[in-house]
Amino acid sequence: MTFTADISGERLDAFLARAAELSRSAAQKLIEQGAVLKNGKKPKKNDRLEPGDIIEVEIPEPVEVDIKPTEMDLEIVYEDEDVLVINKPKGLVVHPAAGHQDDTLVNGLMYAMGDNLSGINGELRPGIVHRIDKDTSGLLAVAKNDYAHTMLASQLKDHSMARTYECIVVGSFREDSGTVDAPIGRHPSDRKKMCVTERNSRNAVTHWEVVKRYRGYTHIRCKLETGRTHQIRVHMAHIGHPILGDTVYGHKKPELGQDSQCLHAGQLCFRHPRDGRPVLVFAPLPDYFTEVIEKLERMN
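Using our numbering, the letters of the sequence shown map in sequence onto residues 90 to 389.
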């Protein structure tokens, strides 16, 4: 592939990422590997360009990963040439791991999308932009190409991708809304868990509002400002209101028939990677969630 620089003073890696629709890191990797020439010579990634500079790049074919495509009934709630949004059911694992090699969302996407997969970082795979836990239901964005992946990932980084969750928590709130601003890091003694800590942590901010109060429980809506692992679960437990059914961060025994968190990603809003138009997607409350609400209504 050959490109001609058009902006004076632009860094080579930034230009290449823009022109070839790559991530910045992927562009830098190609330069470091010697796959890029500037006016016939090997450049540095921070070289500044002048209009008319000729940039040649050899992009390797994506490497196929050893993931078995598996037919499954995926609920696609939005799709175009660049992006699709999946309404993930509770209990479905996102990525293959020990104990889940062929029955994950990635396996299903490999089957459904065929050759239309992200090759970001040189690896052929569905471009899942963000994750949700196995036992969390709801919306998950998937990028169909490297450009869309890069643009959506940047929205996650600058907090402009809005993700809103519904959950039932234990206990009652005095206030109608609030914010939990507490850093989250790995638990010091249980590496499978996260916790609020100042040590080796990252900032985490969750905004919440009460939807309805019940006897002993509250239906709340949470909006993520950041996206740390288990963020809502950790933050709610931290303020004394663990999510109903969360036996990892909350009560150890199942309540109201729930043995996993009652947490649903119900709304996702982002700027379309091609034209910047707002895309707003909703996923209604799933059956397990509405059944809990019906039980709480009867208890009131």
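Cβ coordinates follow ideal geometry from the N, Cα and C atoms, glycine included. Note that this is a predicted model, so its numbers are computed, not measured.
Through-space distance from residue j to residue i, alpha-carbon basis
i	j	result
T253	D171	22 Å
D222	V323	13 Å
V244	E264	Looking at the sequence provided, one finds Gln at residue 244 rather than Val. C-alpha separation (whole angstroms): 30 Å.
P178	S97	49 Å
G355	P272	24 Å
Y377	D142	59 Å
P331	V259	6 Å
K301	L333	15 Å
N210	A115	With a pLDDT of 46 at N210, under the threshold of 50, the modelled position of that residue is not reliable, and the figure given next carries that caveat. Rounded to whole angstroms, N210 to A115 spans 6 Å at the Cα level.
K127	T268	50 Å
L173	R387	38 Å
D279	V337	11 Å
L181	S261	30 Å
L213	A124	For L213, the pLDDT reaches just 45, beneath the cut-off of 50, and the residue's location in the model is therefore unreliable, although a value from the coordinates is still provided. In a straight line, the C-alpha of L213 is about 19 Å away from that of A124.
Cβ-based burial, residue i [other Cβ within 10 Å; buried from 16]
i	result
C339	Strictly speaking, residue 339 in this sequence is Gly, with Cys absent from that position. Answer is buried; the Cβ neighbour count reaches 16.
G365	exposed
M90	exposed
T295	buried
N176	buried
Three-state secondary structure (DSSP) of residue i
i	result
R113	helix
T379	helix
L245	helix
T225	coil
E344	strand
H353	strand
L374	coil
A108	helix
A103	helix
A94	coil
R360	strand
Beta-carbon separation (whole angstroms), residue i vs residue j, contact threshold 8 Å
i	j	result
Y306	L385	6 Å
D235	E110	6 Å
Would you mind listing the alpha helix (DSSP H) stretches within the stretch 116 to 203 that are 4+ residues and don't spill past its ends, in chain order? 194 to 202, all fully within the stretch 116 to 203.
What are the complete alpha helix (DSSP H) segments, minimum 4 residues, inside the stretch 290 to 342? 320 to 327
Contiguous beta strand (DSSP E) assignments of at least 3 residues, all confined to the stretch 248 to 292: 251 to 259, 266 to 270, 273 to 275, 283 to 285
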